[in-house]
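Visitor: Protein chains in written order, with the numbering used here: chain A, 11 to 345; chain B, 114 to 426.
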Ligand SMILES: Nc1ncnc2c1ncn2[C@@H]1O[C@H](COP(=O)(O)OP(=O)(O)OP(=O)(O)O)[C@@H](O)[C@H]1O
Ligand code: SF4
Ligand SMILES: [Mg+2]
């Protein structure tokens, strides 16, 4: 482990054991997160982004799922080897997470102040009053006006954007080294989305927090990430510095995402949301049976016999740029 | 909030008025002539008419009603036909055992059922949960009086740890008072315990799958805090509702329990008054029971506003 990396994920595999068989939600994913870096993880719905994030924190549902392989090293420590109590001490303190739905992610019957302060008390042991002071400070930091009044309020009294700011305030209240943001702006309308992303980047600069930014929106990636992991069907198919990815997207799936056209979604229009990206033609493969060969083959214009028979290994194409595709040469020529 | 409580309190007045009308006329149209009963089996026609006149039963029914309502508004429930004692005093004398029994039953049921339900939801589909569910089904299926006889047999007759039956007022000391309440409370409480535990489990299960519980866990909070604060507070509304229904059922059930355990409370007073057709007492009792139920309902409603800040008032 290099001292640079705060988090190293190696061959992580998380499976769900369902009546329809074993769902390989995450199937051998590796990536590093440097201290203070913003890493984007992008992919279509169902490709395993959230499960990857929850696996890092060991928050996957224990009744149905298990981490079946790989390792997660945080600050030199193997998280899988920690006891549940040790893991709890890390959650919310060293690694914090914010979720997609600010509407449902905050507890409706507890005040905003309580929900921030309890995290502070839990991990720093300061008295409740001091934690409430900290809560006010955090609300100022995330630019919620009138913090004194707001900490007394309940989530339903806040707008969607403010709730997500409150979530950020909770997550950053103990100065975590890693912030995992799972689609933090997907549920928000466009202007609010931009404000929240700006806020996260500003706080990241101020506090030096490394961020894993999970999204299905390449626009968000372009605005925030330094490095990008592209996931498909539970695997990493491409990884590159953000400039390289946009300058030379190499995996056919990444290219598909880039060329995807915004669909005019009536509901999304009404809600004032950014139109969702048109999915690439074809459907995501079912994850409840083993996939022979390249998972993208059924949807790929470059697919060959070999693609269908044998899974392509991740190959480095240039510094920091790696792709899992047999036909990279042909793909690049086609550009 | 104060305005809300006052408003809700005022809204109970029409309900109580309807109950009053209902109570008065229901008993008038019931079969049986009270004057004849009071006068005794071999009474002559004249004797019966004399009793009727004395009690005012010969006057037009609307007049009787108006008079009764007027007195009621002044807190006068009339006098017993047989003992000539004021109904309020008779009820007052019997209040303590019933209130004590109802509250202690509730305490036993709630204090055990909620932790049991929470643990079952937390340990869902594991051993602890399965045991709780078996208990819930059994506890709900076994009638209270049967449980009572079994408990009396084991703890009072065989082990002789507790008194068989009877009631000791709190004035005779705390321990004798508590001792006398244990068996009836447990016997009576089993059904409610099962019911409340089941609702707690179901409500908790639903809450535990919510996003905000995942958020709470992502903060590394202690399981205790996640369960008892984050989850239970959200799960509370259905639980409190069932507790309220439980209180209502308990109050209706005192008749049987007090008979089984030989406790001189309102239940026994009710039985005696009904058998003797002592109208004023029966009317007074129904009114008191109704008022308590309306009040319980009110308290439950108001508690929603405390439990869930989203409820508007
Ligand atoms: N509780 C579960 N039981 C069974 N399968 C699950 C469960 N949760 C997730 N999965 C499966 O795991 C896969 C990955 O899900 P995940 O939530 O990580 O996707 P995602 O990339 O975050 O998608 P989205 O953009 O929709 O959030 C999906 O195919 C899904 O079917
Ligand atoms: S390996 Fe083959 S099927 Fe998979 S992306 Fe590359 S060309 Fe397409
Ligand atoms: Mg997701």
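Just so you know, even glycine gets a beta-carbon here, dropped at the ideal spot from N, CA and C.
Where does residue 311 of chain B sit, in a helix, a strand or coil, going by DSSP?
Guide: Numbered from its first residue, the second chain carries residue 311 of chain B at position 198. Of the three classes helix, strand and coil, the one that applies to residue 311 of chain B here is helix, per DSSP.
Visitor: Does at least one heavy atom of ligand 2 sit under 7 Å from the Cβ of residue 307 of chain A?
Guide: As a position in the first chain, residue 307 of chain A is number 297, starting the count at 1. Yes.
Visitor: Closest by CA to residue 106 of chain A, which one among A/19, A/189 and A/220?
Guide: For the purposes of this step, residue 106 of chain A is taken as residue 96 along the first chain, with counting starting at 1. Nearest of A/19, A/189 and A/220 to residue 106 of chain A, Cα basis: A/189.
Visitor: Could you confirm whether any beta carbon from chain B is found closer than 8 Å to the beta carbon of residue 114 of chain A?
Guide: For the purposes of this step, residue 114 of chain A is identified with residue 104 of the first chain, where counting begins at 1. With 8 Å as the cut-off, residue 114 of chain A counts as an interface residue toward chain B.
Visitor: Using only the heavy atoms of ligand 3, determine whether one of them is closer than 7 Å to the beta carbon of residue 332 of chain B.
Guide: Residue mapping note: residue 332 of chain B aligns to position 219 of the second chain, counting from 1. Incorrect: residue 332 of chain B has no Cβ contact closer than 7 Å to ligand 3.
Visitor: So residue 242 of chain A is in the beta strand (DSSP E); what residue range does that whole segment cover?
Guide: Numbered from 1 along the first chain, position 232 holds the residue referred to as residue 242 of chain A. That run of the beta strand (DSSP E) goes 237 to 242.
Visitor: Do you know offhand how far residue 157 of chain A's Cα is from residue 90 of chain A's?
Guide: Reading the first chain from its first residue, position 147 is the one you call residue 157 of chain A. Reading the first chain from its first residue, position 80 is the one you call residue 90 of chain A. Computed Cα separation, rounded: 39 Å.
Visitor: Any Cβ of chain A within less than 8 Å of the Cβ of residue 304 of chain B?
Guide: Against the second chain, residue 304 of chain B aligns to sequence position 191. Closer than 8 Å: no.
Visitor: Where do the ends of the alpha helix (DSSP H) carrying residue 258 of chain B lie?
Guide: Along the second chain, read from residue 1 onward, the residue named residue 258 of chain B stands at position 145. Per DSSP, residue 258 of chain B belongs to the alpha helix (DSSP H) from 257 to 264.
Visitor: Spatial neighbours of residue 281 of chain A within its chain, please: CB distance less than 7 Å, with the 5 preceding and 5 following residues excluded, ordered by chain position.
Guide: Position 271 of the first chain, counting from 1, holds the residue named residue 281 of chain A. For residue 281 of chain A, the predicted model reports a pLDDT of 45, less than 50, meaning its position is unreliable; a value from the coordinates is still stated below. 199.
Visitor: I want to know whether the region 203 to 215 of chain A touches the region 237 to 248 of chain A - three or more CB-CB distances under 8 Å.
Guide: With a cut-off of 8 Å, the region 237 to 248 of chain A and the region 203 to 215 of chain A do not count as touching, because too few Cβ pairs lie within range.
Visitor: Please classify residue 300 of chain A: is it buried, with 16 or more other beta-carbons within 10 angstroms of its beta-carbon, or exposed?
Guide: On the first chain, residue 300 of chain A is found 290 positions in, with the first residue counted as 1. Looking at its Cβ environment, which holds fewer than 16 other Cβ atoms inside 10 Å, residue 300 of chain A is exposed.
Visitor: Would you kindly report the start and end of the unbroken beta strand (DSSP E) that includes residue 325 of chain A?
Guide: What you label residue 325 of chain A is simply residue 315 of the first chain in a count that begins at 1. Residues 324 to 328.
Visitor: Does the beta-carbon of residue 452 of chain B, which I'm using as the reference point, lie nearer than 7 Å to any heavy atom of ligand 3?
Guide: With chain B represented from 114 up to 426, any question about residue 452 of chain B goes unanswered, as that position is not in the structure.
Visitor: Are residue 302 of chain B and residue 218 of chain B touching if we call contact CB-CB under 8 Å?
Guide: Residue numbering aside, residue 302 of chain B sits at position 189 when the second chain is read from its first letter. Residue numbering aside, residue 218 of chain B sits at position 105 when the second chain is read from its first letter. Result yes, Cβ atoms of residue 302 of chain B and residue 218 of chain B sit closer than 8 Å.
Visitor: Give the residues from the region 182 to 197 of chain A that approach chain B closer than 7 Å (Cβ to any Cβ), ordered along the chain.
Guide: So nothing in the stretch comes that close.
Visitor: Going along the chain, which residues of its own chain have a beta-carbon closer than 8 Å to the beta-carbon of residue 65 of chain A, five neighbours each way excluded?
Guide: Looking up residue 65 of chain A in the first chain gives position 55. Within the same chain, residue 65 of chain A has close Cβ partners 22, 24, 36, 77 and 82.
Visitor: Counting pairs of beta carbons, one from the region 338 to 347 of chain B and one from the region 316 to 329 of chain B, are three or more of them closer than 8 Å?
Guide: Output reads yes: the region 316 to 329 of chain B touches the region 338 to 347 of chain B.
Visitor: Under 7 Å from any heavy atom of ligand 2, does the C-beta of residue 57 of chain A make it?
Guide: Looking up residue 57 of chain A in the first chain gives position 47. No, the Cβ of residue 57 of chain A stays beyond 7 Å of every heavy atom of ligand 2.
Visitor: Alpha carbon to alpha carbon, what distance is there between residue 192 of chain A and residue 62 of chain A?
Guide: Along the first chain, read from residue 1 onward, the residue named residue 62 of chain A stands at position 52. Along the first chain, read from residue 1 onward, the residue named residue 192 of chain A stands at position 182. Approximately 10 Å, taken between the alpha carbons.
Visitor: Is any non-hydrogen atom of ligand 3 found closer than 7 Å to the C-beta of residue 37 of chain A, if you look at the structure I gave you?
Guide: Sequence index remark: in the first chain, residue 37 of chain A carries index 27 (1-based). The answer is no for residue 37 of chain A.
Visitor: Quick check: the region 104 to 119 of chain A against the region 167 to 184 of chain A, are there 3 or more CB pairs under 8 Å?
Guide: Yes: the two stretches touch, three or more of their Cβ pairs being nearer than 8 Å.
Visitor: Select from the region 225 to 259 of chain B all residues with a C-beta closer than 9 Å to any C-beta belonging to chain C, and list them in chain order.
Guide: Checking the listed chains, one finds no chain C in this structure; the protein chains it contains are A and B.
Visitor: Can you pull the DSSP bridge partners for residue 129 of chain A?
Guide: Taking the first residue of the first chain as position 1, residue 129 of chain A is located at position 119. According to DSSP, which records beta bridges pairwise, residue 129 of chain A is partnered with nothing at all.
Visitor: Anyone know if the C-beta pair for residue 264 of chain B and residue 296 of chain B falls short of 8 Å?
Guide: Taking the first residue of the second chain as position 1, residue 264 of chain B is located at position 151. Taking the first residue of the second chain as position 1, residue 296 of chain B is located at position 183. Yes, the Cβ-Cβ distance between residue 264 of chain B and residue 296 of chain B is below 8 Å.
Visitor: With a threshold of 8 Å, are at least 3 pairs of Cβ atoms found where one atom belongs to the region 171 to 185 of chain B and the other to the region 242 to 256 of chain B?
Guide: As far as the Cβ criterion goes, the region 171 to 185 of chain B does not touch the region 242 to 256 of chain B, which means the pair count is below three.
Visitor: Indicate whether residue 148 of chain B and residue 168 of chain B have their beta-carbon atoms separated by less than 8 Å.
Guide: As a working note, residue 148 of chain B is residue 35 in the second chain. As a working note, residue 168 of chain B is residue 55 in the second chain. Against a cut-off of 8 Å, the Cβ pair of residue 168 of chain B and residue 148 of chain B comes out as a contact.
Visitor: Rounded to whole angstroms, what is the Cα-Cα separation between residue 32 of chain A and residue 261 of chain A?
Guide: By 1-based counting over the first chain, the position of residue 32 of chain A is 22. By 1-based counting over the first chain, the position of residue 261 of chain A is 251. Rounded to the nearest angstrom, the two C-alpha atoms are 27 Å apart.
Visitor: Tell me, to the nearest whole angstrom, how far the beta carbon of residue 118 of chain A is from that of residue 164 of chain A; I am working on the premise that it is less than 8 Å.
Guide: To locate residue 118 of chain A, count along the first chain from 1; it is residue 108. To locate residue 164 of chain A, count along the first chain from 1; it is residue 154. About 7 Å; that satisfies the 8 Å criterion.
Visitor: Can residue 192 of chain A be considered in contact with ligand 3, in the sense that its beta carbon sits closer than 7 Å to one or more heavy atoms?
Guide: As a first step, residue 192 of chain A must be located in the first chain, where it is residue number 182. Checking every heavy atom of ligand 3 against the Cβ of residue 192 of chain A, one is found closer than 7 Å.
Visitor: My understanding is that residue 48 of chain A touches residue 236 of chain A, with C-beta atoms under 8 Å, so please give their C-beta distance in whole angstroms.
Guide: In the first chain, the residue the question calls residue 48 of chain A occupies position 38. In the first chain, the residue the question calls residue 236 of chain A occupies position 226. Indeed they touch by this definition, with Cβ atoms about 5 Å apart.
Visitor: Any idea if residue 83 of chain B is buried or exposed, counting beta-carbon neighbours within 10 angstroms, 16 or more meaning buried?
Guide: Within the shown structure, residues of chain B are numbered from 114 to 426, placing residue 83 of chain B beyond reach of any answer.
Visitor: With 7 Å as the limit, tell me which residues of the region 312 to 328 of chain B have their beta carbon closer than that to any beta carbon of chain A; keep them in chain order.
Guide: Cβ contacts with chain A come from 323, 324, 325, 327 and 328.
Visitor: Just to confirm my understanding: we take residue 283 of chain A, look at its own chain, exclude 5 residues before and 5 after, and list those with CB closer than 6 Å. What are they?
Guide: On the first chain, position 273 is the one that residue 283 of chain A refers to. For residue 283 of chain A, the predicted structure reports a pLDDT of 47, less than 50, and the residue's modelled location is therefore unreliable. A value from the coordinates is still provided. So the list reads 199, once near-sequence residues are dropped.
Visitor: Once the 5 residues before and after residue 279 of chain B are set aside, which same chain residues still bring their CB inside 6 Å of it?
Guide: What you label residue 279 of chain B is simply residue 166 of the second chain in a count that begins at 1. So the qualifying residues of the chain are 375.
Visitor: May I ask you to check if the CB of residue 181 of chain A is nearer than 7 Å to at least one heavy atom of ligand 2?
Guide: Residue mapping note: residue 181 of chain A aligns to position 171 of the first chain, counting from 1. It does not: the Cβ of residue 181 of chain A is nowhere closer than 7 Å to a heavy atom of ligand 2.
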